[in-house]
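Report on one structure; see the data block that follows.
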Amino acid sequence: MYDAAVIGMGAMGSAVSYHLARRGLKVVALERYSIPNELGSSHGLSRIIRLAYFEHPSYVPLLHRAFQLWRELERASGEQLLTITGSLDLGPPGSRVVEGALRSCRAHSLAHEVLDGNAVAKRFPAFDVPSDFQAVFQPDGGFLVPERCTAAHAALAGALGAEIRVGTAATTIEPDQHGVTLRTGNVTLRARRAVVCAGPWTARLLPQLAGVLVPERQAVAWFGVQNPDLFQPRRFPVFILDSGAGIYYGFPEHSVPGFKLGKYHHRGEKVDPETMERRFSAEDEQVLREGLARYFPDACGPLLRGSICLFTNTPDGHFVLGPLPGVPSVIVVAACAGHGFKFAPVIGQIAADLVEHGLLATIFRCTESNGCSARRRVRCSTPLESG
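Quick note: the sequence shown uses my numbering, first residue 42, plus one each step.
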């Protein structure tokens, strides 16, 4: 009988396994493919991490903790996983991205500057945005290297005693009053709790979530640049750019040649991860070249590399995290919706709380305006800023 069986060893599953193993729990972790791999959502050579979180200010305390845990993982693994470049959130005045970033900065007293389009072009000359654009520059943003992050969590989990089975897919999860039974081909495993971190495959294992977790095909690409010096991390921050017709995101040049660009909800393709098109197509390239032509004319060079990954979207764009309703022995970790990777270590910590204690024991600050200023656990009757 294992204390926990973790299904999926991408960003979330590897972090969950590590935090469980750190606590001395008996863990078995199953990964259908390799660790890491390019078939899910935990690859692409770079992932943004940012504090000026336009999605909602309640994410910011989780992000502060995530930054701490990523630095701890760097020390434990001996690898550089996080590079700070600063982050830019840009768009027309009043855009969701700009207003949301400002709301988070003000709510949490984050260091930031508000720039117009001319100031952006002067400070970061690779950007060519309209002069009436607004931008929020936050100096703590940067990027993570997803493959190395996932491999580091998995390797350290194994070193701490987690039993990691690569090439093993869970086919069914059968909860009962004593725990769960997992079937993996001809092998049957028993665990006190199952933690499902299967990304776009989650709804296949838990059909009751089919209408809640919807996989979407996402494409990113690297393009040749005219002046590589303008796209180096010291001169080019990670960014989120609301064009009014879509939201682009991108990174400085690093690790491989080229400027990496993506567009949220690329072509809006809802897919099955088993049958989806995984080839980067001319149509994918054209979607991104529209953004290049408008905002990054010095990066309209040849296509150097294209990559396909998956978002697993939720109806409101927020995470699904916690016990399956009515089934406390099955914990769902679908911290995704296209913006989850950066949270992996703190989500791992929270999931480990749920396995070990059956509730969230990680402490965050209560932010209700009722005079309560104590640091409280989830038992507090007022909402926690952790969400």
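Virtual Cβ for every residue (Gly too), placed ideally from N, Cα, C.
Give the straight-line distance between the Cα atoms of Val170 and Asp270, rounded to the nearest whole angstrom. 19 Å
When DSSP labels each residue in this structure, what does Lys383 get in the three-state scheme? helix
Through-space distance from Glu318 to Ser384, alpha-carbon basis: The sequence shown places Phe at residue 384, rather than the Ser named in the question. Taking the straight line from one Cα to the other gives about 28 Å.
Counterpart residues of Glu204 in DSSP-defined beta bridges: Val69
Length of the line joining the Cα atoms of Thr191 and Ser83: 8 Å
With distance defined between alpha-carbon atoms, name the residue in Ser348, His398, Pro356, Cys341 nearest to Gly363. His398
With DSSP collapsed to three states, give me the class of Ala340. helix
What are the start and end residues of the alpha helix (DSSP H) that includes Glu115? 101-118
Cα-Cα separation, Cys238 to Gly49: 5 Å
Give the range of the alpha helix (DSSP H) segment to which Val253 is assigned. Neither: Val253 is in no alpha helix (DSSP H) and is coded neither H nor E.
Can we say the stretch 264-280 touches the stretch 332-349, given the rule of at least three CB pairs closer than 8 Å? yes
Distance check for Asn227 and Arg91, CA to CA, integer angstroms please. 44 Å
Where the alpha helix (DSSP H) through Gly141 begins and ends: 137-148
Please report the distance separating the alpha-carbon of Phe95 from that of Glu188. 26 Å
Within 10 Å of its beta-carbon, does Glu294 have 16 or more other beta-carbons around it, so buried, or fewer, so exposed? buried
On the three-state DSSP scale, how would you describe Tyr74? coil
Between the alpha carbons of Pro166 and Val57, how many angstroms are there, rounded? 41 Å
Kindly examine the ligand FAD and report whether one of its heavy atoms sits closer than 8 Å to the Cβ of Gly367. Because no ligand of any kind appears in the structure shown, any question about the ligand FAD cannot be addressed here.
Tell me whether the stretch 348-355 and the stretch 274-283 touch, counting them as touching only if at least three CB pairs, one residue from each stretch, are closer than 8 Å. no
Between which two residues does the beta strand (DSSP E) carrying Val322 extend? The identity of residue 322 in the sequence shown is Ser, whereas the question assumes Val. Taken as a continuous stretch (DSSP letters only), Ser322 belongs to no beta strand (DSSP E), as it is neither H nor E.
Terminal residues of the continuous alpha helix (DSSP H) containing Ser58? 52-63
Buried or exposed for Asp173, going by 16 or more other Cβ atoms inside 10 Å? exposed
Short check: CB of Gly54 to CB of Glu79, under 9 Å? no
Where Gln273 sits in the DSSP three-state scheme: coil
Closest Cα partner of His359 within the set Ala46, Gly81, Tyr100, Arg88: Tyr100
For the beta strand (DSSP E) that Arg91 lies in, which residues bound it at each end? Taken as a continuous stretch (DSSP letters only), Arg91 belongs to no beta strand (DSSP E), as it is neither H nor E.
In or out: Asn354 buried (at least 16 other Cβ within 10 Å) or exposed? buried
Leu123 beta carbon less than 9 Å from that of Arg116: no
Go to Arg17, then tell me how far its beta strand (DSSP E) extends in each direction, as first and last residue. Examination of residue 17 is not possible in this model, given that the chain is present from 42 through 428 alone.
What residue range does the beta strand (DSSP E) around Thr243 cover? Unbroken run through Thr243 is the alpha helix (DSSP H), 243-246; no beta strand (DSSP E).
Please list the terminal residues of the continuous alpha helix (DSSP H) segment that includes Val161. 158-164
Report the three-state DSSP secondary structure of Thr423 (helix, strand or coil). Bear in mind that a pLDDT of 33 at Thr423, under 50, signals an unreliable position, so the model cannot answer this.
Buried or exposed for Arg88, please, with buried defined as at least 16 other CB atoms from any protein chain shown within 10 angstroms of its CB. buried
Mapping the DSSP letters down to three states, classify Ala167 as helix, strand or coil. coil
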